[in-house]
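In what follows, a structure is listed as structure tokens, so that the remarks can point back to it.
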Amino acid sequence: MTSPHLQLVQLSRPATTPKVMVELSVDGHSVKVPEGSTILNACQQLGIEVPTLCWLETLKPVNVCRVCVVEVEGARVLVPSCSRTVEPGMKVKTRSDRVNLTRRLVLEMLASSVDLSTAPGMAEMLAEYDAKPERFGPDAETVAQPVKVDNDLYIRDYAKCVLCYKCVEACGEDHQNTFAIAVAGRGFHAHISTEFVVELPESACVYCGNCIAVCPTGALMSKREWELRQAGTWNESKQTATDTVCPFCGVGCTLTLHVQDGEIVKATSPLDNDITVGNLCIKGRFGWRHVQNGHASRGPSADPTAPRAPANH
Ligand code: SF4
Ligand code: SF4
Ligand code: FES
Numbered sequence: 228m229t230s231p232h233l234q235l236v237q238l239s240r241p242a243t244t245p246k247v248m249v250e251l252s253v254d255g256h257s258v259k260v261p262e263g264s265t266i267l268n269a270c271q272q273l274g275i276e277v278p279t280l281c282w283l284e285t286l287k288p289v290n291v292c293r294v295c296v297v298e299v300e301g302a303r304v305l306v307p308s309c310s311r312t313v314e315p316g317m318k319v320k321t322r323s324d325r326v327n328l329t330r331r332l333v334l335e336m337l338a339s340s341v342d343l344s345t346a347p348g349m350a351e352m353l354a355e356y357d358a359k360p361e362r363f364g365p366d367a368e369t370v371a372q373p374v375k376v377d378n379d380l381y382i383r384d385y386a387k388c389v390l391c392y393k394c395v396e397a398c399g400e401d402h403q404n405t406f407a408i409a410v411a412g413r414g415f416h417a418h419i420s421t422e423f424v425v426e427l428p429e430s431a432c433v434y435c436g437n438c439i440a441v442c443p444t445g446a447l448m449s450k451r452e453w454e455l456r457q458a459g460t461w462n463e464s465k466q467t468a469t470d471t472v473c474p475f476c477g478v479g480c481t482l483t484l485h486v487q488d489g490e491i492v493k494a495t496s497p498l499d500n501d502i503t504v505g506n507l508c509i510k511g512r513f514g515w516r517h518v519q520n521g522h523a524s525r526g527p528s529a530d531p532t533a534p535r536a537p538a539n540h
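Residues in the sequence shown are numbered consecutively from 228, following the numbering used here.
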């Protein structure tokens, strides 16, 4: 029997405000996306491919590469689709002559000054837009410079840097909050640098390698991958990727182990993992080398006696 002093209360979830949807058209196709979405989000919903370089779903857009530009009816200039939010009635063209010409020029300027040989999908993109970087001539200024190999965990090859800022964002407020690197210099001489240009072991770097995970060109690369590429034996078609759980601490980050010829050659974490969002710490990213203990033939990085402990971690 219910006490006269007790009242039954109906428990329910708080009502959620329905999302305001915005309708626009992209290449003649009508689409509705939640208010605040970007044009790129709308294109993705329609399955329309738009190239990107400095954009990543886990980072705040920085709008620096301009390969994602699209044409918006009535707008004076092309707009970066990765950061421009949708407006009702917007009419967007993703492959007009203006868009194609601009993307081609952007790609040509990048490819004439930067080594894009290890940027995934770049050869296909250059071909798709008929980019001819060689038309700037053999004397075109470049960012060519020696590879920085100053620690045992990862290398920095800024001859391959397109200055997309992704590593800066990942090291800074978007993920790691370490702020070991930033953009220094102006104009063509702008470049990624540690504070006071110190070598990595003397910098604030904690070797999480989250910068490597977001770099779109291979400018930042684990030492082991770089060694195998130098030896001509890096072969992604022979690699398998297996998800497992990092054994080093109770956080239990999801690790994806990339294995080639029976050797772990790289560890990453999936971008769509709610806990890691693609990030790891030094142990998850690089701590797998002990698995290859005693296999000196697998290179100096696999030798447990070889690595020097980084200065700061
Ligand atoms: S090192 Fe890589 S992630 Fe950093 S700015 Fe250069 S290309 Fe982008
Ligand atoms: S990657 Fe680092 S934080 Fe994540 S489980 Fe491994 S040791 Fe812990
Ligand atoms: S991807 Fe949009 S500006 Fe770089």
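Each residue gets a CB set at the ideal place from its N, CA and C atoms; glycine is no exception.
Of all C-beta pairs linking the region 383 to 399 to the region 268 to 276, fewer than three are shorter than 8 angstroms, placing the two stretches out of contact. A straight line joining the alpha-carbon of Thr503 with that of Thr471 spans about 13 angstroms. Your pair Leu286 and Ala269 does not check out as a contact, with CB atoms roughly 19 angstroms apart and the cut at 8 angstroms. With a threshold of 16 other beta carbon atoms within 10 Å, Asp501 falls short and is exposed. Shown here, Lys510 sits in a helix according to DSSP, grouped into three states.
Excluding five sequence positions before and after Cys473, the CB atoms of its chain that fall closer than 6 angstroms to its own CB belong to Cys480, Leu482, Gly511, given in chain order. For the set Val518, Ser264, Ser430, Asp342, the Cα lying nearest the Cα of Pro373 is the one of Asp342.
Remark: the shortest separation between the CB of Cys473 and any heavy atom of ligand 2 falls under 7 angstroms. With a cut-off of 7 angstroms, the C-beta of Lys375 is classified as distant from ligand 2, since no heavy atom of the ligand falls inside that distance.
Gly477 and Asn327 have their alpha carbons spaced roughly 49 angstroms apart. Proximity of the region 427 to 437 to the region 330 to 338 falls short of the contact definition, fewer than three beta-carbon pairs being nearer than 8 angstroms.
Annotation: Glu400 is outside any beta strand (DSSP E) and is labelled neither H nor E by DSSP. Under DSSP, Thr483 forms a beta bridge with Asp470, Thr495. In its chain, beyond the 5 residues on either side, Glu426, Leu427, Pro428 have a beta carbon closer than 7 angstroms to the beta carbon of Asp377.
Setting aside the 5 residues that flank it on each side, Glu262 is surrounded in the same chain by Val247, Val249, each with a C-beta closer than 6 angstroms to its C-beta; the list follows chain order. The criterion of a C-beta distance shorter than 8 angstroms is not satisfied by Thr444 and Val486. In this structure, Leu280 has its beta carbon less than 7 angstroms from a heavy atom of ligand 3.
Here Cys442 has Lys393, Cys394 as same chain residues with Cβ atoms under 7 angstroms from its own Cβ, once five neighbours each way along the sequence are excluded. Within the model, the alpha-carbon separation for Asn437 versus Pro347 is close to 18 angstroms. In the structure shown, the three-state DSSP call for Lys259 is strand. Cβ neighbours of Glu396 within its own chain (closer than 7 angstroms, five residues either side excluded): Leu286, Lys287, Val289.
In the assembly as shown, Gln457 is an exposed residue. Its beta-carbon has fewer than 16 other beta-carbons within 10 Å. Look at Val478: its beta carbon is less than 7 angstroms from one of the heavy atoms in ligand 2. Of the candidates Thr244, Leu353, Glu298, Glu298 places its Cα closest to the Cα of Cys309. Within the region 374 to 453, the complete alpha helix (DSSP H) segments at least 4 residues long are 393 to 398, 437 to 441, listed from N- to C-terminus. Listed as beta-bridge partners of Leu455 by DSSP are no residues whatsoever. Closest in C-alpha terms to Thr495, from the list Gln519, Ala446, Glu463, Ala440, comes Ala440. For the 8 angstroms CB-CB criterion, Ser420 and Ala407 do not form a contact. Residue burial is scored here from C-beta neighbours: Glu452 has at least 16 other C-beta atoms within 10 angstroms and is therefore classed as buried. Contact check for Ala338 against Ala358 passes: the beta carbons are separated by less than 8 angstroms. Boundaries of the beta strand (DSSP E) harbouring Met248: 248 to 253, taken from the DSSP string. For the set His402, Glu422, Lys465, Glu490, the Cα lying nearest the Cα of Cys508 is the one of His402.
Between the alpha carbons of Val424 and Ala417 lies a distance of about 13 angstroms. By a beta-carbon distance limit of 8 angstroms, Pro307 contacts Arg293. Their separation comes to about 6 angstroms.
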